[in-house]
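In what follows, a single structure is set out as structure tokens and then discussed.
Protein chains in written order, with our numbering: chain A, 770 to 1118; chain B, 9 to 517.
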């Protein structure tokens, strides 16, 4: 390095004066931050809740709680990674896919699930085209689209909730489908030790991991998220890449929405409420940044665990649901603050 | 130098005594003496990187760590912040307008000091009156100050900008390329205003690449080169040739490698290339093995031609024939597949993803060539990356290193490497060595010549004249969006290029 620098002192040659070293704390927060917090929460949980925290029941309850958030996060990670901040239409994507699935129960369980997932994925297609191709502001557009969807859902179902068994009516075939539908969230493997929801979440995370690292799409997304203009001027089809990111996001959200509906046995427009910020908190805790192009799926999984454990501990020590909102809200703000300030230290925000 | 004309020290509105400013690794301004009298228009000229803007930024208070002394009206001042500079009467007019387009002229002019009627309300009448007074001074007395800035012409906006600076009662005004967006008629108007400001006793520092304008407007001219002052010349004692000679200094041709490329058949032919307002009816041809330079001053449409050629910007008319086939690209994806690459001018904004690794950056242009299916894993292609790292001596030679952690010169090499990795036949290089050290520059230049020698064509868009002289086989001269001439290899030197780009008379369309 020294010889290079000596050369650079030749008169009239401008040298790059920006700092090139990366703050160690920023790197640590980006790489291992989430698992560090997981460890801390684990200790807190062990102390506060004593025996109850590590019981099979509680672990299963943590896993159940995180699996819905986790499924949605596996998809949302693509949107955050692409530097489009957040998919604000996540709640209605979940609600719409769940309600669509319930509505289609009379046509059998396969049609119901496929139809529900398709409806949710369609949201991603629209988001992707508007944001990827026509460069709409990602927050404003998805927020507005969330409202439009919420209006459509309320008008279509007259503002009412729908129940799988009621929708199924008297037909034997449909009733069977309704029972199957409701059992999704209640299926366990290994004598009740491993919920189906957890399996699906892990499958989605593995899928997301491979999409991110081992495909042309994932590697292009990395460049698009890091520097859109540079990617565009390197011949990367940015529109296509962003569209796919939104489609994957909505696909995962739709799957989460169906499990949510199955768990509550109610198809309602309020089904995904709060998932937009819960999921973003988890993704950012996992080391992804709002500036995009940073972090990885393994970290996001850690972020999901943190959010799940935090909620579980709060419930165990008896914090009311209302106060939990306050706590998760504050956690979100702190995470965003650390996130942007570590970015600023890297000279990127 | 300044001693010779220094008869009465108090007459200087500004005097900078042996000021220096060091950036890591380079002395951007080296022991410069610079003095301007009240009632004088003093032009500051020099090539890119000569230190003009650093010197002026020092005056604007943008650096707190310069050395040397700055006297304003004979008093020693410490210009360590922009507000201090303003207090001492320095007014800056930059190339880009600082006016808010959607609000009225008077609000723009009096921003931060609008007269108040009482605690709550602004005295609009008084504000309009004060604004009119300022506008009067720049010859816009008839302009209605309540109009929005977006409603007035570019020239009026430029003059309004001057009026805004006048509002803070400066004794020194710095104008950086104030004519870049003006037509020749408007330039005349601006010059008349500058003349009247001069008569009002202001010291005006005028920076421009257009030497012709400088001869029209300036009283004295100071030339800078490589961070040092070359000299100050009264305008009547100098000429364009003389100035250019002083700006360029000794030739650095020996620094450049020999051309070995055989110039072959026609590779790229561009006809009637037009994007209205940027460049018009541009025709040129690039042959195999040839480096063609497009030379022009800032704002001549150089970069825009490159961007439209690869589909990154729109195009209004024109045809492009590449290797015998007519082509037209809607975006960079098509251009890269079609055989044209474009190395962008600003590596941090549009060139590299600096938070990603060298591998990711070099392979981004060829992801689709390396893999046809969905699966793609960059670590499988480390061979390609290592080859490029070796070819361009990227240091340290670590494919996994983040680009952010490389020096500027090595970052620029990565940018070059990502285009050399492609199989494109024509490469448009927009400022391929801006802001890099000599060592990196040499390596990049060699890589360009080697690339051309393999039978490819290069279009070089550069404002670094020694680079153009050293690299290109032929240069076409662009002035205000029109091609005004072509210079062959044996005639190319910095003097001919500068003379041609400045030309005689502004081109009026």
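Ideal Cβ placement from N, Cα and C applies to all residues, glycine included. Given the structure is predicted, the values throughout are model-derived calculations rather than measurements.
Residue from the options whose Cα sits closest to the Cα of residue i
| i | options | result |
| --- | --- | --- |
| residue 143/B | 102/B, 165/B, 405/B | 165/B |
| residue 496/B | 489/B, 490/B, 504/B | 504/B |
| residue 383/B | 979/A, 814/A, 1045/A | 979/A |
| residue 765/A | 870/A, 998/A, 966/A | Residue 765/A lies beyond the stretch modelled for chain A, which goes from 770 to 1118, so this question has no answer here. |
| residue 200/B | 229/B, 170/B, 280/B, 324/B | 170/B |
| residue 324/B | 294/B, 281/B, 352/B | 281/B |
| residue 154/B | 188/B, 115/B, 122/B, 123/B | 115/B |
| residue 293/B | 343/B, 270/B, 330/B | 330/B |
| residue 137/B | 127/B, 126/B, 128/B, 151/B | 151/B |
| residue 1055/A | 834/A, 941/A, 845/A, 821/A | 845/A |
| residue 936/A | 1043/A, 957/A, 881/A, 956/A | 881/A |
| residue 444/B | 299/B, 450/B, 416/B | 416/B |
| residue 911/A | 867/A, 1102/A, 859/A, 964/A | 859/A |
| residue 274/B | 367/B, 224/B, 300/B | 300/B |
| residue 1036/A | 934/A, 830/A, 808/A | 934/A |
| residue 393/B | 426/B, 189/B, 332/B | 426/B |
| residue 455/B | 473/B, 501/B, 131/B, 429/B | 429/B |
| residue 396/B | 387/B, 181/B, 407/B | 407/B |
| residue 1003/A | 196/B, 288/B, 347/B | 347/B |
| residue 224/B | 37/B, 318/B, 480/B, 242/B | 242/B |
| residue 984/A | 489/B, 368/B, 320/B, 99/B | 368/B |
| residue 198/B | 183/B, 209/B, 45/B | 183/B |
| residue 28/B | 44/B, 60/B, 46/B, 51/B | 60/B |
Residue span of the beta strand (DSSP E) that contains residue i, given as start and end
| i | result |
| --- | --- |
| residue 75/B | 75 to 80 |
| residue 829/A | From DSSP, residue 829/A is part of no beta strand (DSSP E) but of the alpha helix (DSSP H) over 825 to 850. |
Residue i - containing alpha helix (DSSP H), residue span
| i | result |
| --- | --- |
| residue 340/B | 340 to 346 |
| residue 200/B | 192 to 207 |
| residue 116/B | 113 to 117 |
| residue 496/B | Where residue 496/B is concerned, there is no enclosing alpha helix (DSSP H), although the beta strand (DSSP E) it sits in stretches over 490 to 496. |
| residue 978/A | 965 to 982 |
| residue 1049/A | 1044 to 1054 |
| residue 1082/A | 1066 to 1085 |
| residue 914/A | 907 to 925 |
Within-8 Å CB hit, residue i to chain B
| i | result |
| --- | --- |
| residue 739/A | The question about residue 739/A has no answer, for chain A in this structure spans 770 to 1118. |
| residue 1001/A | yes |
| residue 1030/A | no |
| residue 1005/A | yes |
| residue 851/A | no |
| residue 1065/A | no |
| residue 890/A | no |
| residue 786/A | The predicted position of residue 786/A is uncertain, since its pLDDT is 43 and thus under 50; no value can be drawn from it. |
| residue 902/A | no |
| residue 991/A | yes |
| residue 995/A | yes |
| residue 1010/A | no |
| residue 846/A | no |
Minimum Cβ-Cβ distance from residue i to chain A less than 8 Å
| i | result |
| --- | --- |
| residue 232/B | no |
| residue 352/B | yes |
| residue 74/B | no |
| residue 360/B | yes |
| residue 459/B | no |
| residue 375/B | yes |
| residue 336/B | no |
| residue 386/B | yes |
| residue 344/B | yes |
Cβ-heavy atom distance, residue i to the ligand SAM, below 7 Å
| i | result |
| --- | --- |
| residue 954/A | As presented, the structure is devoid of all ligands, the ligand SAM included, so that no description of it is given. |
Proximal residues of chain D, C-beta to C-beta of residue i below 9 Å
| i | result |
| --- | --- |
| residue 1062/A | Among the protein chains in the structure shown, which are A and B, there is no chain D. |
| request: Pair every Cβ in the segment 1064 to 1076 of chain A with every Cβ in the segment 970 to 985 of chain A, then say whether three or more of these pairs are closer than 8 Å. | output: Touching, per the Cβ criterion.
| query | Quick one: complete alpha helix (DSSP H) runs, 4+ long, within the segment 363 to 446 of chain B? | reply | If one requires a minimum length of 4 residues, the alpha helix (DSSP H) runs lying completely within the segment 363 to 446 of chain B are 366 to 371, 375 to 378, 390 to 399, 416 to 428, in chain order.
| Segment contact, 8 Å Cβ cut-off, at least three pairs: the segment 350 to 368 of chain B with the segment 423 to 441 of chain B | Result yes; three or more Cβ-Cβ pairs closer than 8 Å.
| task | Kindly confirm or deny that the segment 1021 to 1028 of chain A and the segment 411 to 425 of chain B touch, where touching means at least three C-beta pairs closer than 8 Å. | result | Verdict: no, contact absent.
| request: Evaluate the contact criterion for the segment 301 to 311 of chain B versus the segment 468 to 479 of chain B: three or more CB pairs, one atom per stretch, below 8 Å. | output: Verdict: yes, contact present.
| field | Entirely enclosed beta strand (DSSP E) segments - the segment 34 to 58 of chain B, minimum 3 residues | value | Runs of the beta strand (DSSP E) lying entirely within the segment 34 to 58 of chain B, each at least 3 residues long, are 34 to 45, 49 to 53 in chain order.
| Would you call the segment 241 to 255 of chain B and the segment 71 to 79 of chain B in contact, with 3 or more CB pairs under 8 Å? | Touching, no, given that fewer than three Cβ pairs across the two stretches are closer than 8 Å.
| query | Is the segment 1007 to 1015 of chain A touching the segment 888 to 901 of chain A in the sense that three or more CB pairs, one from each, lie closer than 8 Å? | reply | Counting Cβ pairs under 8 Å, three or more are found: they touch.
| On the three-pair Cβ rule with 8 Å, is the segment 215 to 233 of chain B touching the segment 48 to 61 of chain B? | With the cut-off at 8 Å, the segment 215 to 233 of chain B and the segment 48 to 61 of chain B touch.
| request: State whether the segment 988 to 998 of chain A contacts the segment 359 to 370 of chain B, with contact taken as three or more CB pairs (one from each stretch) at a distance under 8 Å. | output: The segment 988 to 998 of chain A vs the segment 359 to 370 of chain B: in contact.
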